[in-house]
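Beneath this line is the structure, given in structure tokens, with notes to follow.
2 protein chains.
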Amino acid sequence: MSEIQSAPPAAAIAEADVPWLSDDEQRAWRAYLRGSRALEVILDAELQAVGVSLAEYELLSMLSEAPCLTMRMSKLADQTVQSRSRVTHTATRLQRRGWVERHPAPDDGRGIQLHLTDDGLAAVRFAARVHATGVQEHLIRQMDPALFRSLGDAMDKVRTHLLGEQPANYNP
Amino acid sequence: MSEIQSAPPAAAIAEADVPWLSDDEQRAWRAYLRGSRALEVILDAELQAVGVSLAEYELLSMLSEAPCLTMRMSKLADQTVQSRSRVTHTATRLQRRGWVERHPAPDDGRGIQLHLTDDGLAAVRFAARVHATGVQEHLIRQMDPALFRSLGDAMDKVRTHLLGEQPANYNP
DNA sequence: CAACAATGGTTGATATTTCAATTATTCCCC
DNA sequence: GGGGAATAATTGAAATATCAACCATTGTTG
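Residue numbers (UniProt numbering), protein chains in the order written: chain F, 1 to 172; chain B, 1 to 172.
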């Protein structure tokens, strides 16, 4: 984010051989940064109000959709774009609440399968309603469907670029 | 995020009186979640590599554009969508590095003006190049200009909804 | 002008995240 | 089959973020 635009220091202009952002790009990027931050803040707060953080919810939600309510730690980390370490810690906390269990992976001695318990399923079902409502209200309702589709397309390109080809709802 | 789609538990379907997400919405929302997370991760990592976190960079960058390189703590918090407490802590760390100074606000006895030092300005100028390059590479280059504009528009609507009317580059 | 609410900012305890090892297992390949 | 590289997950310490309580000042109201 260049400080050059609103207070151009003579020295800095000379070295403009790197792709600065144009005014329009700058504006769009700022809107993105602030909007996405605010969105995450409110969705997290709404979930916290019912006792789950957004990060926790994402894990639980992935699990709830997985076959047998079970998924490997590393896949969970990949799909939620969280570090392995973070998933480990979060899983430990969820386990303390009795929402998940750890089981050794049958096929790979190094692996752990995280399994959603009945209590966990109940919790995530409840949270899912809160979350879906929030997404509708704060994101989808704020624009017409075409624009929302564009948003999805745009972010899908970013996702693909950074994370590779798997589609948004890939499971195996 | 409803678990209903890929593993519909009979019980949950009955209580469908809340706005679940449609398949398309779900896909777009997932793309957004993962894409935005991945984007933040990489932009943060690129900045960390030159010694600044994204959160720190945002503060420094705002300061660098402000008149007299100076801004009130609370405005900084508002504009970066961070809590006041967080801004306080971050400012303290930046101060330890000699990048910002605190001065009492002339007009309001409660207020503090954060001022960017010369070292801070140098640091943010350097970081800005890294950041702008990352935004170009990972976001802008990944889509055609029209789509990027749509992205900006979409997030601007979200921002307005959640944060109010101020435009993305409002200063006073 | 006295009370009292609201604002601006800080503080410190607590919770979470990151980071750099560490362990165990599997994969590869000679 | 043995040795080393890669992968899966965990650990604990350090960095950072959140939360609630707090102090000082300002604004408001009667």
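Heads up, the beta-carbon is just placed ideally off N, CA and C, and yes, glycines get one too.
* Asked: Hey, does Gln48/B have any beta-carbon neighbour from chain F nearer than 9 angstroms?
  -> Stepping through the second sequence from its first residue, residue 48/B is reached at position 48. With 9 angstroms as the cut-off, Gln48/B does not count as an interface residue toward chain F.
* Could you have a look at Arg110/B and say whether DSSP puts it in helix, strand or coil? => Locating residue 110/B in the second sequence gives position 110, counting from the first residue. Reduced to three states, the DSSP call for Arg110/B is coil.
* Asked: Grouping DSSP H, G and I as helix and E and B as strand, with all else coil, what is Thr117/F?
  -> For the purposes of this step, residue 117/F is taken as residue 117 along the first sequence, with counting starting at 1. Residue state, collapsed to three classes: coil.
* To do: For His161/B, return the contacting residues in chain F, with the cut-off set at a CB-CB distance below 8 angstroms.
  => Counting from 1 along the second sequence, the entry for residue 161/B is found at position 161. Here the neighbours are His138, Gln142.
* **C-alpha gap between Thr117/B and Leu94/B, whole angstroms** => Along the second sequence, one-based indexing puts residue 117/B at 117. Along the second sequence, one-based indexing puts residue 94/B at 94. Counting only the Cα atoms, Leu94/B lies some 10 angstroms from Thr117/B.
* To do: Determine the DSSP secondary structure at Val100/F, reduced to helix, strand or coil.
  => To locate residue 100/F, count along the first sequence from 1; it is residue 100. Residue state, collapsed to three classes: strand.
* **Three-state class that DSSP yields for Met62/B in the structure shown** => Translated into positions along the second sequence, residue 62/B becomes position 62. Secondary structure of Met62/B (DSSP, three-state): helix.
* By Cβ distance below 8 angstroms, which residues in the same chain neighbour Leu63/F in space, the five residues on each side in sequence not counted? -> Along the first sequence, read from residue 1 onward, the residue named residue 63/F stands at position 63. Closer than 8 angstroms at Cβ, skipping near neighbours: Leu69, Thr70, Met71, Leu76, Val100, Leu114, His115, Leu116, Gly120, Val124.
* Asked: Across which residues does DSSP place Thr90/B in a beta bridge pair?
  -> By 1-based counting over the second sequence, the position of residue 90/B is 90. Note: Thr90/B sits in no beta bridge, so no partner.
* **N- and C-terminal bounds of the beta strand (DSSP E) containing Arg72/F** => Translated into positions along the first sequence, residue 72/F becomes position 72. Here the beta strand (DSSP E) through Arg72/F covers 70-72.
* Smallest Cα separation from Leu47/B: which of Tyr57/B, Ile112/B, Thr80/B? -> For the purposes of this step, residue 47/B is identified with residue 47 of the second sequence, where counting begins at 1. Checked all of Tyr57/B, Ile112/B, Thr80/B; the closest Cα to Leu47/B is Tyr57/B.
* Leu33/B CB to nearest chain F CB: under 9 angstroms? -> Residue mapping note: residue 33/B aligns to position 33 of the second sequence, counting from 1. Interface residue, yes.
* Residue from Ser61/F, Trp29/F, Arg34/F with nearest C-alpha to Glu165/B -> As a position in the second sequence, residue 165/B is number 165, starting the count at 1. Among Ser61/F, Trp29/F, Arg34/F, the Cα nearest to that of Glu165/B belongs to Arg34/F.
* Asked: Do Ala38/B and Val158/F come within 9 angstroms of each other at the CB atom, strictly closer than that value?
  -> If you number the first sequence from 1, residue 158/F lands on position 158. If you number the second sequence from 1, residue 38/B lands on position 38. At the C-beta level, Val158/F and Ala38/B come within 9 angstroms of one another.
* **8 angstroms contact criterion, which Ser36/B and Ser36/F should meet: CB distance rounded** => Position 36 of the second sequence, counting from 1, holds the residue named residue 36/B. Position 36 of the first sequence, counting from 1, holds the residue named residue 36/F. The pair is a contact, with the Cβ atoms about 5 angstroms apart (cut-off 8 angstroms).
* Using DSSP with H/G/I as helix, E/B as strand and the rest coil, what is Trp20/B? -> Counting from 1 along the second sequence, the entry for residue 20/B is found at position 20. Coil.
* Asked: Which residue's Cα is closest to the Cα of Arg141/B: Arg86/F, Arg149/F, Thr160/F?
  -> In the second sequence, the residue the question calls residue 141/B occupies position 141. Measuring from the Cα of Arg141/B, the nearest candidate turns out to be Thr160/F.
* To do: Rounded to whole angstroms, what's the CA-CA distance from Leu147/F to Ser83/B? Just pull it up for me.
  => Position 147 of the first sequence holds residue 147/F. Position 83 of the second sequence holds residue 83/B. Their backbone Cα atoms lie some 30 angstroms apart in a straight line.
* Flag Leu147/B as yes if its beta-carbon sits less than 9 angstroms from any beta-carbon of chain F, otherwise no. => Counted from its first residue, the second sequence places residue 147/B at position 147. At least one chain F Cβ lies under 9 angstroms of Leu147/B.
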